[in-house]
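Take the sequence shown: its letters are residues 335 to 572, numbered as in my numbering.
C-beta atoms are modelled at their ideal positions from N, C-alpha and C, and glycine is treated no differently.
Values in this document were obtained by computation on a predicted structure and should not be read as measured data.
Structure, as structure tokens:
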Amino acid sequence: MLQVTLSLTHRQAMACYPQDSVAIAHPLASSLWAPAYVSEEIGAMIVDGLRSFFRGAVAACLAFLLSYALAAAHVSVLPESLAAGSEAKLTFRVPVEREVATTGLEISFPEDLEALLFQPKPGWTYEVVRDSSGRITGVIWSGGRIRPGEFDEFTVLVRTPDRQRQLAFTIRQTYADGQVVTWEGDEGPVVTITAQAAQRPAGGSATGWLRWLPALLAWLALLLGGRAGFVLLAASFA
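Take a look at the structure:
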């Protein structure tokens with residue numbers, strides 16, 4: 335009897351909608367044995383809306399991935415932040431984003447950064463660039479080769495300025511076909527100089543307990559050796 339009643343309800347529901355209606359599957363409708371119906375015009379609007387939504391979502395994802403890939407292919411510097419007034423190692427990471435090998439790299443240092451030493455690289459030679467006062471203003475690596483689909487790293491030991499600020503580098507990447515790509519401004523690597531790290535006080539917790547060692551030994555001697563321990567204990571506090 336229950337099935338007959340539901341069947342009649344289903345047929346009655348179908349008769350209430352126009353012949354050009356489109357059935358839309360819905361869990362609630364399925365549980366009632368009666369699908370929900372809308373007109374073909376409304377159904378087409380829903381389908382078009384879903385298509386537009388997914389097209390926009392896919393386009394946004396592709397744009398994000400493309401921008402991320404381009405950013406990842408730029409010359410970068412690590413670490414991105416350093417403490418003020420300290421010596422640190424800067425590593426310039428150079429990817430090849432063309433189908434031509436990279437054969438040269440020129441780095442121009444900001445005025446407030448002092449370059450100290452350069453780490454040699456097998457297969458590469460470097461030339462230090464100085465101004466009229468003798469200050470190191472840049473370095474040029476040449477003679478090596480970074481093939482397409484690869485990257486390499488160039489390391490410099492520097493001394494940072496004593497105040498907080500951002501240091502921007504200018505990088506010129508030379509390819510085997512003679513093209514030079516300049517990374518500067520918004521596309522160039524930047525290092526942020528942060529506040530100077532706090533210095534640990536001398537005689538910290540690693541060695542401070544040693545000054546209590548004589549007293550500790552004296553107490554042990556007092557417990558085990560009587561008068562001799564008392565003499566040692568008195569001497570430890572003298």
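Alpha-carbon to alpha-carbon, G383 and W475: 55 Å
Contact belief for T459 with G477 at Cβ below 8 Å, rounded distance in angstroms: The Cβ separation is near 5 Å, so the contact holds.
Where E487 sits in the DSSP three-state scheme: strand
Whole-angstrom distance between P413 and P444, CA atom to CA atom: 16 Å
Buried/exposed call for T425, threshold 16 Cβ in 10 Å: Within 10 angstroms of the beta-carbon of T425 lie fewer than 16 other beta-carbons, which makes it exposed.
First through last residue of the beta strand (DSSP E) which encompasses P429: E421 to P429
Closest by C-alpha distance to D511, when choosing among I376, H408, A417 and E433: With distances taken between Cα atoms, D511 lies closest to E433.
Distance, V462 Cα to V492 Cα: 14 Å
Alpha-carbon to alpha-carbon, V525 and G578: What the structure shows of the chain is the stretch from 335 to 572, and residue 578 is not part of that stretch, so it cannot be assessed.
Element boundaries [beta strand (DSSP E), containing E461]: Unbroken beta strand (DSSP E) run through E461: T459 to R464.
For D486 and V428, believed in contact at Cβ under 8 Å, the rounded distance: 5 Å
Classification of I376 by the beta-carbon crowding that lies within 10 angstroms, buried from 16 upward: exposed
Bounding residues of the beta strand (DSSP E) (the contiguous stretch that carries T436): T436 to S442
Assigned exposure category for Q507 - 16 Cβ within 10 Å defines buried: Here Q507 is buried, its C-beta having at least 16 other C-beta atoms within 10 Å.
P454 versus D465: straight-line alpha-carbon distance, rounded: 22 Å
With 16 other Cβ atoms within 10 Å as the buried cut-off, status of P523: buried
Sub-7 Å separation of T436 and I480 beta-carbons: Contact flag set, yes.
Between the CA atoms of R499 and F513 - distance to the nearest angstrom: Looking at the sequence provided, one finds Gln at residue 513 rather than Phe. Rounded to whole angstroms, Q513 to R499 spans 33 Å at the Cα level.
Beta-carbon proximity of I527 to T489, cut-off 7 Å: Taking 7 Å as the cut-off, the beta carbon of I527 is found no closer than this to the beta carbon of T489.
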